[in-house]
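Novice: Residue numbers (the working numbering), protein chains in the order written: chain A, -14 to 227; chain B, -14 to 227. Let me begin by handing over the structure; questions about it come next.
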C-alpha cells in the first residue's frame, strides 16, 4: 500500500529538487571560459545566494520584483560590477548578458527526474510549486522534458515560498484539501512551511542542496519532521503505485 | 513561411474548441438512460447555457463563484428542480449527482486535438486560456491526452473571459508582448476580446459551436475579423512549422 494513500497531487520545488541548477549554470559559464578564467562555482553560488536573499525578503513582506527573470538580471548586473568579476563583465555584451540570464530556463534535470515524473504522472497530479516565474518553468520543462500537469509559480499568488499563501494558492486551484497534497523538496525549510498549512511532505536529498546547519532529515516515524524520505522520483513513483 | 511568424505562444479556448463537450455530455447522460428517457441534447444544451449566462454576467462585474465546478453543480441542481427534469432528478442520488457534475472533467477531444497539440508543442508554447477551473482542465488533459505546457484558467485571474484581464493575465505570465500570443477559439466573441488587448487570433470552426447570428468567420485578408482560419490543429501545426 502507498505510504501516502490520501495524496492526490504532488507539488514540486524545482531549483535543486528537480533540476541541477549548480551543474547546469557552471557548464554554461565554463563555455564562456574563453573570455575569462574564474571560479565558476563561486559565481553560480553568489548568483543563487542573491536570489535566495531576495525571495526570502519578499516572502516576509518586503518589496521587489515577483518575476525571477527580472530579479536574476538585477543580481547578475550587481555581481558583474564587483571588483572580482568586473573584468569578466567588461567582456560581456548586452546580448551575452541577456543570454546568460536565461541559463536559468535551460537547467538540466537530475537523472531520475524525467523518468520519475512520467511514472508519477500516471498515479497523481504533478505540478510545480516554485519561486521561478511561469515562463521560466515552461521553458525549463521543454528543455529538460518535465511532463507537468500544470505549472504553479509563486508569481501567480503574489509572494514567494515560504510564504504560506503560495502553498495555499496551489492547493486551492487543485480543488483539494491540504492533506490531499504533498510538497516534494530537497530543502527542509520548504517542507516545514508546507506542513504548516497541512500538506504532506516528501524529502529528497540532492547533492549540495541542503542549507548549512540542517542535519540528516528523518521521517516522523524516525523522530524527524517529514512524512517520507526518498532517494529518487522513480522510487517515489514505485511507492505511490503500490 | 509561417503566417504568424511573431507568435511564440498559443492560448486555447477549451470547451468546444479542443473538446466536444456536447457529444461527451450526451454520451454520459445516455448511460443514465436506464433511469430516465429524456432529450439529452436539450439537457446538455440547457446546462451549458446556464454556464454561459453565469460566466458572462461575472465577466461584466457580477457576483458568483469563479469555480466552474461549483457553478456547474448549482445549475445542475436548478435543472433537476424544473418540471421537465424533476422525475429524472428524483432518481439521482447525491453520489450520482456528484459524479454527473464531473462529466465536464471527462470531455473527449476532437479527433485532431491530441495529434495537433503534440505537433504544435514542438513549435511554440501551448496553454489553455479557459473559463474552466484549473483542476477541471488538468483532469480533462489527463483524460483526453492534451499535452499543455501549462494550464491557465480565468480562475487564476479573478474573472471570466471575455473580461480583458483574463487575456492580459495569460500574456503577462508568459513574459510576452500581446502580439507574440495568439488566441485559438471556435467562438468569434472570444477572438474579438483577445484582439482588443493586441493578441493575434486563430479561428477554428467546430460543429454546433458558433453562436446564433454569427456568419462565416473570415480572415482580415478576406475582409473579416481574424488573422487565420484553420480546419484543424494539425493544419495549424503544419502552417506554423513552415
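Beta carbons are placed, not taken as given, at the ideal position from N, Cα and C, and that holds for glycine. All figures in this text were calculated on a predicted structure; none of them were measured in a lab.
Run down chain B in chain order and give the residues with a C-beta less than 7 Å from the C-beta of residue 181/A.
Specialist: Here the premise fails: no neighbours, minimum Cβ distance about 23 Å.
Novice: Quick check for students: name the residue ranges of the alpha helix (DSSP H) that lie wholly in the segment 43 to 118 of chain A, counting only runs of 4 or more.
Specialist: The qualifying runs are 53 to 65, 71 to 76, 79 to 86, 98 to 106.
Novice: Tell me the DSSP secondary structure of residue 184/A in three-state form.
Specialist: In the structure shown, residue 184/A sits in coil (DSSP, three-state: anything other than H, G, I, E or B).
Novice: To the nearest angstrom, how far is the alpha carbon of residue 165/B from that of residue 153/B?
Specialist: Straight-line Cα distance between these residues: approximately 12 Å.
Novice: Find the residues of chain B that neighbour residue 160/A, judging by a C-beta separation of less than 9 Å, and give them in chain order.
Specialist: Within 9 Å Cβ-Cβ: 52, 54, 118, 119, 120, 121.
Novice: For residue 6/A, which residues in the same chain have their Cβ closer than 8 Å to its Cβ, ignoring the five residues on either side in sequence?
Specialist: So the qualifying residues of the chain are 0, 29, 33, 89, 92.
Novice: Sort out for me which residues DSSP pairs residue 273/A with in a bridge.
Specialist: Since the first and last residues shown for chain A are -14 and 227, residue 273/A lies out of range.
Novice: Quick one: give me the first and last residue of the alpha helix (DSSP H) that residue 267/B is part of.
Specialist: The structure shown does not extend to residue 267/B, since chain B is modelled only from -14 through 227, so no value can be given for it.
Novice: Can you check which of these residues, 113/B, 81/B, 4/B, 54/B, is closest to residue 128/B by C-alpha distance?
Specialist: The option with the nearest alpha carbon to residue 128/B is 4/B.
Novice: Would you kindly report the start and end of the unbroken alpha helix (DSSP H) that includes residue 10/B?
Specialist: Per DSSP, residue 10/B belongs to the alpha helix (DSSP H) from 6 to 16.
Novice: Are the Cβ atoms of residue 155/A and residue 126/A separated by less than 8 Å?
Specialist: Contact flag unset, no.
Novice: Please report the distance separating the alpha-carbon of residue -12/A from that of residue 130/B.
Specialist: Looking at the two C-alpha atoms, the distance is approximately 28 Å.
Novice: Which residues, in chain order, does the segment 97 to 112 of chain B contribute to contact with chain A at a C-beta distance below 7 Å?
Specialist: Answer set for the segment 97 to 112 of chain B: 110.
Novice: Kindly say whether residue 67/B, judged by its beta-carbon, lies nearer than 8 Å to any beta-carbon of chain A.
Specialist: Output row for residue 67/B: interface = no.
Novice: What does DSSP give as the partner residue(s) for residue 263/B in the beta ladder?
Specialist: Since the first residue of chain B shown is -14 and the last is 227, residue 263/B is not available in this structure.
Novice: Measuring straight from C-alpha to C-alpha, what distance separates residue 223/A and residue 100/A?
Specialist: Answer to the nearest angstrom: the Cα atoms are 12 Å apart.
Novice: Rounded to a whole number of angstroms, what is the C-alpha to C-alpha distance between residue 68/B and residue 49/B?
Specialist: If you take the alpha carbons of residue 68/B and residue 49/B, they lie about 25 Å apart.
Novice: Answer yes if the segment 202 to 222 of chain B comes into contact with the segment 181 to 190 of chain B, meaning at least three C-beta pairs across the two stretches below 8 Å, and no otherwise.
Specialist: At 8 Å Cβ cutoff, the stretches touch.
Novice: Taking the straight line between their C-alpha atoms, what separation do you get for residue 115/B and residue 123/A?
Specialist: So the two alpha carbons sit approximately 18 Å from each other.
Novice: For residue -14/A, name the three-state secondary structure that DSSP assigns.
Specialist: Of the three classes helix, strand and coil, the one that applies to residue -14/A here is coil, per DSSP.
Novice: Please confirm if residue 228/A has its CB atom under 8 Å from at least one CB of chain B.
Specialist: The structure shown does not extend to residue 228/A, since chain A is modelled only from -14 to 227, so the question has no answer here.
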